[in-house]
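Trainee: Protein chains in written order, with this note's numbering: chain L, 5 to 452; chain D, 1470 to 1814. Glycine included, each C-beta is placed from N, C-alpha and C at the ideal position. Predicted, not measured: the structure shown is a model, and the values here were computed from it.
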Ligand SMILES: Nc1nc2c(ncn2[C@@H]2O[C@H](COP(=O)(O)OP(=O)(O)OP(=O)(O)O)[C@@H](O)[C@H]2O)c(=O)[nH]1
Ligand SMILES: Nc1nc2c(ncn2[C@@H]2O[C@H](COP(=O)(O)OP(=O)(O)OP(=O)(O)O)[C@@H](O)[C@H]2O)c(=O)[nH]1
Ligand SMILES: [Mg+2]
Ligand SMILES: [Mg+2]
């Protein structure tokens, strides 16, 4: 799937248009068909796609083709901008009440990830010097209470339960009471998964809402959801008036078009992104990244823009050739890192490479580590930098000592480097292997 | 109870009562439902379950057909929209539409009503290709069923339902709690075991899942069990390590239970969009998937993605889940499925 993104398709659509000054209606219609298909393949709801495409179309017709951009890139830019706008801004704050306890209630379909996310939120909130309490209000699913207790235990947050014989309204009320008496300033209520068309169970949630007036009702949505996401979001929002959305299972390889559908029908912010089963796996939601993910092209655009600002075109071309011939060395790596330092957080940069974001997750490099990396590489001899295969045990020891790091750190870097090199090689091979996508170049070059 | 089941979907207020009752009944481990009763119910339940889920597509197609006087591109385009909204996917939808267009042209079809017939035949053809493989592969005994899938799709619940169904057929069933990862996964399966009256082999949370499977196989042999059903942890198909773990489990089964009849079921959530195709592809590569279970068809999602999966990967849908109760499981029958999709018997 690596280069199957919209970027490439649009590039093909516009291949014949090189050198044209303006995008005409026919061009735009062709492009819009590709945009429509890409969004539908990404599971964005049909109606949402229709509206969106009309909006983009209106903007794109007659738009000037910027000098540096081909018509394809121009359309992508507009699509990307509109999409990012539709995704909303970053609003991952939990609004804590001035009169604690702040009451948060998680709702959603069966298996969306509510219970797990309760644990993640509790952990996150605890870090903000709060004393959260989890309330087990799922009385239906087998072992749901036990599950929340285990999760609570893992993050060291107390769990309030009354078993499965009381109704959720009573449990919620008593839980809130308990929080007040025990100085818990935040309560997080785990509710049973339910179908949005189950009037009885939706009514139950309404009663809970009535009785304890949550400050935040958050809809938990599985990012793999298909066309039905609009129905789900619409119903939950209509019945409960949700305050925000949490998108789960983004560690998978879904394009996640449901995010767009949910936004479009509720106009409520997506507050958090859940990216794994572990209780740390939760992040602030980044609308721009999500937009690019849905389009399946990494953040090609901003990468292009940043690259244009900061990259030396000649160097980029050299690099591309080096990667192809696998003569990419530690010197190039260091060179790259230095250039990248001007371009923002490196992990963010890595994510921008189309299709590479996930593969690169394993070799995440954080900013602090960058300093070490630089030190390690600088402690290598020229020969070592150019020919990493000679880095035996004693050389590694020396480098560690010279750079004030440990041998493990040196080993890790060498491994990361090898991985990067292998992966880059794969990308370029893949590119060569693709007849249709022959136009696509590594984003390090300032064209694609 | 039978009568109640009958009215379940008609009367919305009774639905909740039924749910509570189901839970209550389950708690008493009502594993006594006879096969006969199940069979008498099956068509009814299938229709009821499906009519709820598929009304959307049916009604839409009916309305659509009625609003057109002749077969033209506009009609086809609207049909395309209906199919995509059912999660059938862009590519599969295009193929179906192309087929309809070609056929309509070749046979000079003018009446919109005929479009429905062509569409129906096409869907039946895609889904009905493996009619012989749609039964659970559990003959002869002993048999082992491995249940796999991504997180939260309904594996554990489906296992409870399958165990109940098999018990109704007088099979001796044993469950293996090989999800040692998720919080309270073992407890969840044990509750299902109690509900339907079958035993569960388990280790501690965090134990090696392969070791659980190993023990369960030994127990199955010793107790002369007909069908051993193994629950596994939910795993996203793009996680290499977790997928390799499935390979390890398969090896244990091969080595320790070579004589057992095998079925590997991939559970898919009907709410899932096009990612389900990717799931099916990669799980198929990792383990020999022999059947699909499509869950949560009691919602408004249409599960149309199975059409693309059937066509592309040739894996039969064996069972469908239409609720959280012990009896909310049905055998998949492509004819009834497509018919029910169109609101016909
Ligand atoms: N990979 C991945 N798995 C997740 C994520 N969030 C939750 N899960 C898994 O999804 C499954 C379902 O999660 P739960 O938290 O039980 O979901 P729920 O919404 O509480 O389910 P019900 O209470 O049955 O409605 C579990 O296997 C979780 O470990 C995520 O962000 N990524
Ligand atoms: N409405 C409906 N809910 C279902 C169906 N099948 C399962 N569920 C619910 O979906 C949720 C998840 O089901 P589980 O059986 O725990 O799913 P799982 O695949 O074992 O989940 P993990 O082990 O966490 O990966 C539970 O709340 C089930 O009650 C179905 O057919 N219809
Ligand atoms: Mg839960
Ligand atoms: Mg499970």
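Which residues in chain D have a C-beta closer than 7 Å to the C-beta of residue 270(L)? List them in chain order.
Mentor: Translated into the one-based positions of the first chain, residue 270(L) becomes position 266. Simply none; closest approach about 16 Å.
Trainee: Closer than 9 Å between beta carbons: that is the criterion. Which residues of the segment 1619-1643 of chain D meet it against chain L?
Mentor: So the close ones are 1619, 1620, 1621, 1622, 1623, 1625, 1626 and 1629.
Trainee: Looking only at C-alpha atoms, which of 65(L), 109(L) and 85(L) sits nearest to residue 220(L)?
Mentor: The sequence position of residue 220(L) within the first chain is 216, counting from 1. Residue 109(L) is the option with its Cα nearest to residue 220(L).
Trainee: Please classify residue 1802(D): is it buried, with 16 or more other beta-carbons within 10 angstroms of its beta-carbon, or exposed?
Mentor: Numbered from its first residue, the second chain carries residue 1802(D) at position 333. Under this definition residue 1802(D) is a buried residue.
Trainee: Below 8 Å CB to CB, which residues in the same chain sit around residue 390(L) once its five sequence neighbours on both sides are set aside?
Mentor: Along the first chain, one-based indexing puts residue 390(L) at 386. So the list reads 333, 334 and 335, once near-sequence residues are dropped.
Trainee: Going along chain L, which residues have a C-beta under 8 Å from residue 1750(D)?
Mentor: Looking up residue 1750(D) in the second chain gives position 281. Near residue 1750(D) there are no residues of chain L at all, since even the closest Cβ is about 11 Å away, more than 8 Å.
Trainee: Take residue 176(L) and list the residues in its own chain whose beta-carbon comes closer than 7 Å to its own, dropping the five residues that flank it on each side.
Mentor: Locating residue 176(L) in the first chain gives position 172, counting from the first residue. For residue 176(L), where only same-chain residues beyond five positions count, the Cβ hits under 7 Å are 139, 141, 193, 212, 215 and 216.
Trainee: Would you say residue 1593(D) touches ligand 4, meaning its beta carbon is less than 6 Å from a heavy atom?
Mentor: What you label residue 1593(D) is simply residue 124 of the second chain in a count that begins at 1. It does not: the Cβ of residue 1593(D) is nowhere closer than 6 Å to a heavy atom of ligand 4.
Trainee: For a quick check, are the C-beta atoms of residue 1538(D) and residue 147(L) less than 7 Å apart?
Mentor: Indexing the second chain from 1 puts residue 1538(D) at position 69. Indexing the first chain from 1 puts residue 147(L) at position 143. Contact: no.
Trainee: Quick one: what's got a C-beta closer than 7 Å to residue 418(L)'s C-beta in the same chain, skipping five residues either side?
Mentor: On the first chain, residue 418(L) is found 414 positions in, with the first residue counted as 1. Counting only Cβ-Cβ distances below 7 Å, and skipping sequence neighbours, we find 392 and 395.
Trainee: Listed from N- to C-terminal order along the chain, which residues in the segment 1751-1766 of chain D have their beta-carbon within a distance smaller than 8 Å of any beta-carbon of chain L?
Mentor: Correct list: 1765.
Trainee: How about residue 1561(D): is its C-beta nearer than 7 Å to some C-beta of chain L?
Mentor: Position 92 of the second chain, counted from the start, is the residue given in the question as residue 1561(D). Chain L, which has no Cβ nearer than 7 Å to the Cβ of residue 1561(D), makes this no.
Trainee: At which residues does the alpha helix (DSSP H) containing residue 218(L) begin and terminate?
Mentor: For the purposes of this step, residue 218(L) is taken as the residue at position 214 of the first chain. Segment: none, residue 218(L) is in no alpha helix (DSSP H) and carries neither H nor E.
Trainee: Any chance the CB of residue 1799(D) is under 6 Å from a heavy atom of ligand 2?
Mentor: By 1-based counting over the second chain, the position of residue 1799(D) is 330. Incorrect: residue 1799(D) has no Cβ contact closer than 6 Å to ligand 2.
Trainee: With residue 1732(D) and residue 1612(D) assumed to form a contact (beta carbons below 8 Å), what rounded beta-carbon distance in angstroms separates them?
Mentor: As a first step, residue 1732(D) is located in the second chain; it is residue number 263 there, counting from the start. As a first step, residue 1612(D) is located in the second chain; it is residue number 143 there, counting from the start. Yes, they are in contact, since the Cβ atoms of residue 1732(D) and residue 1612(D) sit about 7 Å apart, within 8 Å.
Trainee: Would a check of beta-carbon distances place residue 1554(D) closer than 7 Å to chain L?
Mentor: The count along the second chain starts at 1 and reaches residue 1554(D) at position 85. By this cut-off, residue 1554(D) is an interface position.
Trainee: What three-state label does DSSP hand residue 460(L) in the structure shown?
Mentor: Shown here, chain L extends from 5 to 452; a query on residue 460(L) therefore has no answer.
Trainee: What's the C-alpha gap between residue 111(L) and residue 223(L)?
Mentor: Reading the first chain from its first residue, position 107 is the one you call residue 111(L). Reading the first chain from its first residue, position 219 is the one you call residue 223(L). Whole-angstrom Cα-Cα distance: 5 Å.
Trainee: Using a C-beta to C-beta distance shorter than 9 Å, which residues of chain D count as neighbours of residue 426(L)?
Mentor: Your numbering for residue 426(L) matches position 422 in the first chain. None at all; the shortest Cβ gap to chain D is about 15 Å.
Trainee: Residue 1655(D) and residue 1662(D): beta carbons closer than 7 Å?
Mentor: The residue labelled residue 1655(D) in the question sits at position 186 within the second chain. The residue labelled residue 1662(D) in the question sits at position 193 within the second chain. Their beta carbons are not under 7 Å apart, which means residue 1655(D) does not touch residue 1662(D) by this criterion.
Trainee: For residue 264(L), which three-state DSSP category applies?
Mentor: As a first step, residue 264(L) is located in the first chain; it is residue number 260 there, counting from the start. Residue state, collapsed to three classes: helix.
Trainee: If you reduce the DSSP assignment to three classes, tell me which class residue 1696(D) lands in.
Mentor: Within the second chain, residue 1696(D) is the residue found at index 227, counting from 1. Residue 1696(D): strand per DSSP, three-state reduction.
Trainee: For ligand 1, I want to know if residue 115(L) counts as a neighbour, meaning its beta carbon is within less than 6 Å of at least one of the ligand's heavy atoms.
Mentor: Counting from 1 along the first chain, the entry for residue 115(L) is found at position 111. Residue 115(L) Cβ: within cutoff of ligand 1.
Trainee: Spatial neighbours of residue 1724(D) within its chain, please: C-beta separation below 8 Å, excluding the five flanking residues on both sides.
Mentor: Residue 1724(D) sits at position 255 when you count from the first residue of the second chain. No residues qualify anywhere along the chain.
Trainee: Cα separation between residue 183(L) and residue 137(L)?
Mentor: Here the question's residue 183(L) lines up with position 179 in the first chain. Here the question's residue 137(L) lines up with position 133 in the first chain. Cα to Cα, the separation comes out at about 7 Å.
Trainee: Pick from 405(L), 383(L), 269(L) and 420(L): whose alpha carbon is nearest that of residue 49(L)?
Mentor: Reading the first chain from its first residue, position 45 is the one you call residue 49(L). Residue 269(L) is the option with its Cα nearest to residue 49(L).
Trainee: In three-state terms, what does DSSP make of residue 1722(D)?
Mentor: Counting from one through the second chain, the residue named residue 1722(D) turns up at place 253. In the structure shown, residue 1722(D) sits in a helix (DSSP, three-state: H, G or I).
Trainee: Could you tell me the alpha carbon to alpha carbon distance between residue 1640(D) and residue 1608(D), rounded to whole angstroms?
Mentor: For the purposes of this step, residue 1640(D) is taken as the residue at position 171 of the second chain. For the purposes of this step, residue 1608(D) is taken as the residue at position 139 of the second chain. Approximately 11 Å, taken between the alpha carbons.
Trainee: Tell me the residue span of the beta strand (DSSP E) that contains residue 1731(D).
Mentor: For the purposes of this step, residue 1731(D) is taken as the residue at position 262 of the second chain. Per DSSP, residue 1731(D) belongs to the beta strand (DSSP E) from 1730-1738.
Trainee: State the start and end residues of the unbroken beta strand (DSSP E) segment that holds residue 1647(D).
Mentor: Start at 1 with the first residue of the second chain, and residue 1647(D) comes out as number 178. Per DSSP, residue 1647(D) belongs to the beta strand (DSSP E) from 1642-1647.
Trainee: Measure the CB-CB distance between residue 1715(D) and residue 1741(D) and report whether it falls below 7 Å.
Mentor: For the purposes of this step, residue 1715(D) is taken as the residue at position 246 of the second chain. For the purposes of this step, residue 1741(D) is taken as the residue at position 272 of the second chain. No, they are not a contact pair.
Trainee: Got a sec: which bits of the segment 134-154 of chain L sit with their beta carbon under 9 Å from any beta carbon on chain D, in order along the chain?
Mentor: Correct list: 144, 145, 146, 147, 148, 149, 150, 151, 152, 153 and 154.
Trainee: Can you give me the Cβ contacts of residue 403(L) inside the same chain, cut-off strictly under 7 Å, excluding the 5 residues immediately before and after it?
Mentor: Here residue 403(L) corresponds to residue number 399 of the first chain, with the count starting at 1. So the qualifying residues of the chain are 380, 383, 384 and 414.
Trainee: Comparing alpha-carbon positions, which option in 98(L), 114(L) and 149(L) lies nearest residue 125(L)?
Mentor: As a first step, residue 125(L) must be located in the first chain, where it is residue number 121. Measuring from the Cα of residue 125(L), the nearest candidate turns out to be 98(L).
Trainee: Using 7 Å as the limit for Cβ to Cβ distance, is residue 164(L) near chain D?
Mentor: Walking along the first chain from the start, residue 164(L) turns up at place 160. By this cut-off, residue 164(L) is not an interface position.
Trainee: Please name the residue or residues paired with residue 1799(D) in a DSSP beta bridge.
Mentor: Within the second chain, numbered from 1, the residue matching residue 1799(D) stands at position 330. In DSSP, residue 1799(D) forms a bridge with 1789(D).
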